[in-house]
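So the protein sequences, as listed, match chains V and D.
All residue numbers for the first sequence refer to numbering that gives the first Met the number 0, where the first residue is 0 and numbers rise by one.
All residue numbers for the second sequence refer to numbering that gives the first Met the number 0, where the first residue is 0 and numbers rise by one.
Report on one structure; see the data block that follows.
Number of protein chains: 2
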Amino acid sequence: MPNYQEMDRAYQALGDRTRRAMVERLVQGPASVSELAKDQPMSLPAVMLHLKVLEESGLVKSRKQGRVRTCEVVPQMLSEAERWLSERRQMWELSLDRLGKYLGVEK
Amino acid sequence: MPNYQEMDRAYQALGDRTRRAMVERLVQGPASVSELAKDQPMSLPAVMLHLKVLEESGLVKSRKQGRVRTCEVVPQMLSEAERWLSERRQMWELSLDRLGKYLGVEK
DNA sequence: AAAATACTTAAGTATATGCCTAACTATCAG
DNA sequence: CTGATAGTTAGGCATATACTTAAGTATTTT
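Structural data, given as structure tokens:
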């Protein structure tokens, strides 16, 4: 059960193309910070900041071994964000359905 | 097919609890600006700004009749945002699966 | 031990975001 | 017409975001 703040952070994290690109990279498998940075048209410290946002959102985690920090996706938050959208879409469909019945039944 | 900018805007829009609350209200059915504002602890102009963000993201549309602006959810963008997450989650599962096969844990 | 690698931290800047109040416009109701 | 209602616009302010370059700190590698 994600709270408001977690949801805020997860969606806010995904609201940036650089971070979505990082997630896209990480769903293929783990990567180091430099590997992530290679794909992005910005400095490594900037990529680090994006990584921090992703970690604070719970979408990604990382750990450091030696001098290399390895990052990977955390699927749970991905699922939770997905579920929120799915539930709302379903609610909307239900509303449409009720409207249809109302218009049909009540002439 | 959502482009990067649309995705940026949709997820960024959902990255704010006020706007998510507005979406939650609107999936139940259409509402006026004042109705949306009643639920929020802020001024009506502030709610208008959030509405503008939601409209620019494609998640919500509105039209004005007389002096009342009526807002409603646009399910398509909701679905597209949902699909992006779903596809990434599936990619991650595929990666895990490959890893499992590699390790010989699963067949 | 010296140099290269892989981050990490710091300091600064520019723009965007999230709010506010006040003043304005356009309808609708009596 | 007059006032209430619904929304809009404008101006301002405080904080957050998205970068930058420069200067660190650990770890390998040679």
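Glycine residues also receive a C-beta, built at the ideal position from the N, C-alpha and C atoms.
All values derive from a computational prediction rather than experimental measurement.
**Request:** Would you mind working out which of R8(D), V26(D) and R88(D) sits nearest V94(V), comparing C-alpha positions?
**Result:** Residue identity check: residue 94(V) is Ser in the sequence provided, not Val. It is V26(D).
**S61(V) - partner residues in DSSP beta bridges** = Beta-bridge partners assigned by DSSP to S61(V): C70(V).
**Prompt:** DSSP three-state call for S31(V): helix, strand or coil?
**Reply:** strand
**Request:** For R62(D), decide whether its Cβ has a neighbour in chain V, counting only Cβ atoms nearer than 9 Å.
**Result:** no
**Message:** Under DSSP, the alpha helix (DSSP H) around S47(D) begins and ends at which residues?
**Reply:** Reading off the sequence shown, one finds Met at residue 47(D), where the question assumed Ser. L43 to E55 is the span of the alpha helix (DSSP H), which, as asked, contains M47(D).
**Item:** For L35(D) and R24(D), believed in contact at Cβ under 8 Å, the rounded distance
**Value:** 6 Å
**Asked** Any Cβ of chain V within less than 9 Å of the Cβ of P44(D)?
**Response** By this cut-off, P44(D) is not an interface position.
**Prompt:** Beta carbon of L53(V), beta carbon of A80(D): below 9 Å?
**Reply:** Result no, Cβ atoms of L53(V) and A80(D) do not sit closer than 9 Å.
**Request:** May I ask which residues mark the beginning and end of the alpha helix (DSSP H) holding V26(D)?
**Result:** Unbroken run through V26(D): none, as it is neither H nor E.
**Request:** Identify whether D38(D) lies in helix, strand or coil by the three-state DSSP scheme.
**Result:** The DSSP-derived three-state label of D38(D) is coil.
**Request:** Would you mind working out which of E92(D), K37(D) and G28(D) sits nearest R87(V), comparing C-alpha positions?
**Result:** G28(D)
**Prompt:** Since D38(V) meets chain D, which of its residues come closer than 9 Å, beta carbon to beta carbon?
**Reply:** Within 9 Å Cβ-Cβ: nothing; D38(V) doesn't reach chain D, min ~14 Å.
**Message:** Restricting to Cα atoms, I'd like to know which of N2(V), S31(V), E5(V) and S42(V) is closest to G111(V).
**Reply:** Absent from the model: residue 111(V). The displayed extent of chain V is 0 to 106, so no value can be given.
**Prompt:** Are L58(V) and V73(V) close, meaning C-beta to C-beta below 9 Å?
**Reply:** yes
**Prompt:** DSSP three-state call for D15(D): helix, strand or coil?
**Reply:** Collapsing the DSSP output to three states places D15(D) in coil.
**Request:** Report back the beta-carbon spacing between E71(D) and K60(D) to the nearest angstrom; my notes put them in contact at under 8 Å.
**Result:** 6 Å
**Prompt:** Relative to the alpha-carbon of E92(D), which residue among Q75(V), Q4(V), E5(V) and M90(V) has its alpha-carbon at the smallest distance?
**Reply:** When Q75(V), Q4(V), E5(V) and M90(V) are compared, the shortest CA-CA separation from E92(D) is found for Q75(V).
**Buried or exposed (CB count within 10 angstroms, at least 16 for buried), Q4(D)** = exposed
**Item:** Nearest candidate by alpha-carbon position, reference L77(D), set E55(V), A20(V), P40(V) and M90(V)
**Value:** Each of E55(V), A20(V), P40(V) and M90(V) was checked against the Cα of L77(D), and the nearest Cα belongs to M90(V).
**Request:** Note down, in chain order, each residue of its chain lying with its Cβ closer than 8 Å to the Cβ of K106(V), except the 5 sequence neighbours on either side.
**Result:** Any reading at K106(V) must be qualified, since the residue scores a pLDDT of 39, below 50, and its modelled position is unreliable; the value itself is stated next. Counting only Cβ-Cβ distances below 8 Å, and skipping sequence neighbours, we find nothing.
**Message:** Which residues in chain D have a C-beta closer than 8 Å to the C-beta of G57(V)? List them in chain order.
**Reply:** Under the 8 Å cutoff, chain D gives no residues; its nearest Cβ is about 13 Å from G57(V).
**Message:** Checking 9 Å against the spacing of the C-beta atoms, do M6(V) and R19(D) come in under that value?
**Reply:** Taking C-beta atoms as the reference points, M6(V) and R19(D) count as a pair closer than 9 Å.
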